[in-house]
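Numbering (our numbering), first residue to last: 727 to 843.
Idealized CB from N, CA, C, for every residue including glycine.
Since the structure is predicted, the reported quantities are computational estimates derived from the model, not experimental observations.
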Ligand code: AMP
């Protein structure tokens with residue numbers, strides 16, 4: 727657990743969240759400020775600052791494979807969804823614990839950077 731990390735505190739249950747999926751390696755929870763009808767975040771329980779933080783291949787693969795589970799749980803596998811991983815300042819990463827945004831539930835603009843609003 728990294729000190730002063732919001733998502734580490736959510737994983738530890740110190741800050742409440744609306745859980746979508748959890749196992750021993752990942753947690754998926756609803757974004758507190760949803761930008762789409764479906765806006766779920768997936769985080770690894772191990773702290774990494776961002777997707778370029780030398781995450782072991784197996785861990786990163788597990789994280790990304792959780793996207794499909796979340797899409798099923800949220801009912802958006804067939805309709806479609808967008809996955810975004812903001813990384814550092816130019817991409818407006820605000821929480822420096824790697825997280826995958828899963829966005830869907832309505833049509834999106836083609837190629838729009840959905841989180842840059
Ligand atoms: P990013 O800007 O890519 O770092 O995304 C961070 C996301 O975390 C934003 O979409 C926030 O709305 C979301 N967020 C911040 N605090 C919380 C919280 N306590 N619970 C759930 N989501 C949060």
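Cβ of residue i versus every heavy atom of the ligand AMP: is any distance shorter than 7 Å?
i: residue 816; result: no
i: residue 767; result: yes
i: residue 773; result: no
Measure the Cβ-Cβ separation of residue i and residue j and say whether it is below 8 Å.
i: residue 817; j: residue 807; result: no
i: residue 811; j: residue 764; result: no
i: residue 792; j: residue 758; result: no
i: residue 778; j: residue 766; result: no
Hey, quick one: how far does the alpha helix (DSSP H) through residue i stretch, first residue to last?
i: residue 793; result: 783-800
i: residue 810; result: No alpha helix (DSSP H) contains residue 810, which is instead part of the beta strand (DSSP E) from 807-810.
i: residue 731; result: Where residue 731 is concerned, there is no enclosing alpha helix (DSSP H), given that its DSSP letter is neither H nor E.
Starting from residue i, follow the beta strand (DSSP E) in both directions and report where the run begins and ends.
i: residue 768; result: 764-770
i: residue 747; result: 745-748
Note down the Cα distance separating residue i from residue j, rounded to an integer number of angstroms.
i: residue 727; j: residue 832; result: 35 Å
i: residue 823; j: residue 748; result: 17 Å
i: residue 744; j: residue 786; result: 23 Å
i: residue 821; j: residue 756; result: 15 Å
i: residue 843; j: residue 782; result: Only weak support is given to the placement of residue 843: the predicted model assigns it a pLDDT of 47, under 50, and the question is left unresolved by the model.
Task: Chain-ordered residues, beta carbon under 5 Å from a heavy atom of the ligand AMP - done: Answer in sequence order: 757, 758, 759, 812, 819, 820, 821.
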